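Here the structure is laid out as structure tokens; the discussion comes afterwards.
Numbering (our numbering), first residue to last: 1476 to 1639.
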């Protein structure tokens, strides 16, 4: 079981993480105000303002670093869809990917698919105002069984700040 969990972790780390990141950043690079809200949540006002002011300057680097170009976006979308289907197939009767207990496989798959999920966890909640481009991207995935599983995993296994 340990080897199987580590194999799932390696595959999702190597293939799925970069694909999901490309998919999400393909929308974020066009919504700099929203990107600022996502990445500076809870930060002091000055830090948020500086981050927002630099985003237009670093947007090309962010896009390049996250593989945001038309051919790669298409590949990333296809790989993300494959990953969702794979994750849904991997979930066993226990509700976990390998065995009966939460493992590194569950942690990895849930964490790497989380950017596509509407999580209610305070550390992961989206800003209240979601621009249409991002709302459309999120809506594409929200009803998928694997995304529903991600939400359940966060609810069950990630304590809120008060519970830590």
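Every residue, glycine too, gets a C-beta built ideally from N, C-alpha and C.
All figures in this text were calculated on a predicted structure; none of them were measured in a lab.
Selection from the options that minimises the alpha carbon distance to residue i
i            : options                : result
residue 1499 : 1543, 1594, 1567       : 1543
residue 1610 : 1482, 1505, 1477, 1629 : 1505
residue 1527 : 1495, 1539, 1507       : 1507
residue 1558 : 1632, 1630, 1622, 1628 : 1622
residue 1589 : 1616, 1579, 1478       : 1616
residue 1633 : 1612, 1608, 1594, 1606 : 1594
residue 1579 : 1628, 1553, 1538, 1614 : 1628
residue 1601 : 1496, 1485, 1509, 1582 : 1509
residue 1533 : 1612, 1511, 1545       : 1511
residue 1596 : 1613, 1571, 1584, 1630 : 1630
residue 1496 : 1547, 1525, 1481, 1521 : 1547
residue 1535 : 1620, 1501, 1582       : 1501
residue 1607 : 1517, 1503, 1599, 1556 : 1503
Buried/exposed call for residue i, threshold 16 Cβ in 10 Å
i            : result
residue 1635 : exposed
residue 1487 : buried
residue 1519 : exposed
residue 1569 : exposed
residue 1531 : exposed
residue 1549 : exposed
residue 1540 : exposed
residue 1567 : exposed
residue 1480 : buried
Distance CB(residue i)-CB(residue j) smaller than 8 Å
i            : j            : result
residue 1573 : residue 1483 : yes
residue 1529 : residue 1523 : no
residue 1586 : residue 1551 : no
residue 1554 : residue 1478 : no
residue 1563 : residue 1620 : yes
residue 1591 : residue 1613 : yes
Handout entry: Residue ranges of each alpha helix (DSSP H) within the stretch 1479-1556, 4 or longer
Key = Residue ranges of uninterrupted alpha helix (DSSP H) with 4 or more members, entirely inside the stretch 1479-1556 and ordered along the chain, are 1492-1503, 1507-1515, 1520-1540.
Practice task
Could you name each continuous alpha helix (DSSP H) segment of 4 residues or more that falls completely within the stretch 1595-1619, going from the start of the chain to the end?
Solution key: If we require 4 residues or more, the alpha helix (DSSP H) runs fully inside the stretch 1595-1619 come out as 1607-1616.
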